[in-house]
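Just below is one structure, and these are the notes that go with it.
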Amino acid sequence: MAPPWLDVLDETIGACVTHRRPDLEARLREKRAQQLDPKLRVLVVGESKQGKSQLVNALLNAPVCAVGDDITTTVPTFVQHADTPSAALVRNASARGSIFHTPTERIAVPIDQVTKQVSTAHSQHVVRAEIGIPRALLDNGLVLIDTPGVGDTRSAHTASTFATLMQADAVLMVSDATGELTSAEMTLLKKVMEACPNVTVVVTKIDLVPSWRNVVERNKVLLARAGVPAKLIPVSSALRLRAAKTGDQRLNTESGFPELLACVQRDIVASADLLARRAVAVVASSAITQLVTPLREELTAHDSSRTAATISTLQEAQRRVDELRAGPRAGRTCSTTRWPT
Ligand SMILES: Nc1nc2c(ncn2[C@@H]2O[C@H](COP(=O)(O)OP(=O)(O)O)[C@@H](O)[C@H]2O)c(=O)[nH]1
Ligand SMILES: [Mg+2]
Numbered sequence: 295m296a297p298p299w300l301d302v303l304d305e306t307i308g309a310c311v312t313h314r315r316p317d318l319e320a321r322l323r324e325k326r327a328q329q330l331d332p333k334l335r336v337l338v339v340g341e342s343k344q345g346k347s348q349l350v351n352a353l354l355n356a357p358v359c360a361v362g363d364d365i366t367t368t369v370p371t372f373v374q375h376a377d378t379p380s381a382a383l384v385r386n387a388s389a390r391g392s393i394f395h396t397p398t399e400r401i402a403v404p405i406d407q408v409t410k411q412v413s414t415a416h417s418q419h420v421v422r423a424e425i426g427i428p429r430a431l432l433d434n435g436l437v438l439i440d441t442p443g444v445g446d447t448r449s450a451h452t453a454s455t456f457a458t459l460m461q462a463d464a465v466l467m468v469s470d471a472t473g474e475l476t477s478a479e480m481t482l483l484k485k486v487m488e489a490c491p492n493v494t495v496v497v498t499k500i501d502l503v504p505s506w507r508n509v510v511e512r513n514k515v516l517l518a519r520a521g522v523p524a525k526l527i528p529v530s531s532a533l534r535l536r537a538a539k540t541g542d543q544r545l546n547t548e549s550g551f552p553e554l555l556a557c558v559q560r561d562i563v564a565s566a567d568l569l570a571r572r573a574v575a576v577v578a579s580s581a582i583t584q585l586v587t588p589l590r591e592e593l594t595a596h597d598s599s600r601t602a603a604t605i606s607t608l609q610e611a612q613r614r615v616d617e618l619r620a621g622p623r624a625g626r627t628c629s630t631t632r633w634p635t
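Right under this line is the structure:
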């Protein structure tokens, strides 16, 4: 049986076709293809040097992403399951390419050099790096995506992260414990929620900050005040990696990673249907709003019963999107609508 979000998405795509909005239609079709793909993409985002790349390494217990103050992540790095370790750079043929174009070239590279090669001269037009490693966490289609820091002055990097955000099923927003969430980070978080509402805030580097619990408490207040329903999980990648080397269970627990991994399993891997409903509701709702706005203006200028009827059909579509967001019982009542032409 088709999931209830598929009906809602197809109806909204139909409305975009009727109202001649190929831009919105393309965006929704992209979301449709992504949601039907069994892979579960978890995007790691945040400002530079917050510990995003090290978080991915610590989640996987593998040094797959380049880390360090002198190293900049320049393109997204997709880390997924492979029976044997492998890596590749994916390039577009044209300088104007984006990650949405079909990649024209995959160049295999040694796994220990992939992140370094991304920033070298001959890596022009590279749109992403792909790394495959055998890990239980990645077994059922989970893909961890390390991204360039947002807020980087080289805006192409920031743009690349936002483009990848459209493909995310869930997001880990990284902010280190050396300070509470800044207003720039809160702005980023809200922007992220508009594209993907399934966000967990990971507070990193707690080993560096004895008073990290205060930072977490202040962050909780900031999120509550902003009405952002995101969970907060404090971790230390440094402790986790040290624990893995020495087999120290107590240190592993102290690193916060058992809780983060449980959260990834429970709230992301085991909740794929809920994530899909929420994500589809966000993009469909945004598309309907963009269809209704010019019609409302038209109605104000010339009172027309035909325009009023179209608006009311779109409002009905919005109601079904709201039901989808509310839960599976409401979602089952979805019906197919014919769009007025
Ligand atoms: N002490 C400590 N340092 C960390 C931790 N996570 C990352 N770092 C350091 O913070 C710096 C930036 O980390 P990186 O993962 O490259 O940040 P990114 O730019 O957000 O990807 C590096 O020097 C890391 O070694 C952590 O949990 N504890
Ligand atoms: Mg990085």
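The opening position of the sequence shown corresponds to residue 295 in the numbering used here, with each subsequent residue numbered one higher.
Where is the CB? At the ideal position from N, CA and C, for every residue including glycine.
What you are looking at is a predicted structure, and each value in this text was computed from that prediction instead of being measured.
Measuring from the CB of Ser549, is there a heavy atom of ligand 2 at a distance below 7 Å?
By one-based count along the sequence shown, residue 549 stands at place 255. Relative to ligand 2, the beta carbon of Ser549 is positioned no closer than 7 Å to any heavy atom.
Which partner residues does Met467 have in the DSSP bridge list?
The residue given as residue 467 occupies position 173 in the sequence shown. Partner residues in the beta bridge of Met467, as assigned by DSSP, are Val339 and Val495.
Using C-beta distances below 6 Å, list every residue in its chain close to Glu399, excluding the 5 sequence neighbours before and after it, in chain order.
Position 105 of the sequence shown, counted from the first residue, corresponds to residue 399. Arg385, listed in sequence order.
If you draw a straight line from the alpha carbon of Ala376 to that of Glu424, how long is it in whole angstroms?
The count along the sequence shown starts at 1 and reaches residue 376 at position 82. The count along the sequence shown starts at 1 and reaches residue 424 at position 130. Taking the straight line joining both Cα atoms gives about 11 Å.
Spatial neighbours of Arg613 in its chain, beta-carbon cut-off 6 Å, leaving aside the 5 residues before and after
To locate residue 613, count along the sequence shown from 1; it is residue 319. Take Arg613, set aside five residues on each side of it, and no residue of its chain has a beta-carbon closer than 6 Å to its own.
Once DSSP output is grouped into helix, strand and coil, what is the label at Ser380?
Your numbering for residue 380 matches position 86 in the sequence shown. DSSP places Ser380 in strand when its eight states are reduced to three.
Pair every Cβ in the segment 564-571 with every Cβ in the segment 533-545, then say whether three or more of these pairs are closer than 8 Å.
No: fewer than three Cβ pairs fall under 8 Å.
Taking its Cβ as the centre, do 16 or more other Cβ atoms sit within 10 Å of Thr447, making it buried, or is it exposed?
Indexing the sequence shown from 1 puts residue 447 at position 153. With a pLDDT of 48 at Thr447, under the threshold of 50, the modelled position of this residue cannot be trusted; read the value that follows with caution. Classification for Thr447: exposed.
Taking 7 Å as the cut-off, is the beta-carbon of Leu438 closer than that to any non-hydrogen atom of ligand 3?
With respect to small molecules bound, the structure shown includes ligand 1 and ligand 2 and not ligand 3.
Count the other CB atoms within 10 Å of the CB of Ser346; is the residue buried (16 or more) or exposed (fewer)?
As a position in the sequence shown, residue 346 is number 52, starting the count at 1. One point to set straight first is that residue 346 is Lys, not Ser, in the sequence displayed. By the 10 Å Cβ count, Lys346 comes out buried.
Burial state of Asp406, where buried means 16 or more other Cβ atoms lie within 10 Å:
In the sequence shown, counting from the first residue as 1, residue 406 sits at position 112. That one is exposed.
Take Val468 as the anchor and find which of Leu349, Gly521 and Asn546 has the nearest alpha-carbon.
Here residue 468 refers to the residue found at position 174 of the sequence shown. Checked all of Leu349, Gly521 and Asn546; the closest Cα to Val468 is Leu349.
Compare the C-alpha of Leu466 against each of Ile605, Ala327 and Glu341 and name the closest.
Along the sequence shown, one-based indexing puts residue 466 at 172. Selected option, being the one with the closest Cα: Glu341.
Say whether the segment 454-464 touches the segment 484-501, bearing in mind that this needs 3 or more beta-carbon pairs closer than 8 Å, one atom from each stretch.
Between the segment 454-464 and the segment 484-501, the count of C-beta pairs closer than 8 Å reaches three or more; the two stretches touch.
Hey, would you say the C-beta of Ser347 is under 7 Å away from at least one heavy atom of ligand 2?
Position 53 of the sequence shown, counted from the first residue, corresponds to residue 347. Between ligand 2 and the CB of Ser347, the shortest heavy atom gap is smaller than 7 Å.
Candidates Ala450, His451, Asn513 and Val577: which alpha carbon is nearest Glu479's?
Taking the sequence shown and counting its residues from 1, the one referred to as residue 479 is at position 185. Measuring from the Cα of Glu479, the nearest candidate turns out to be Asn513.
Helix, strand or coil, according to DSSP, for Pro552 in the structure here?
Reading the sequence shown from its first residue, position 258 is the one you call residue 552. Pro552 falls in the helix class under three-state DSSP.
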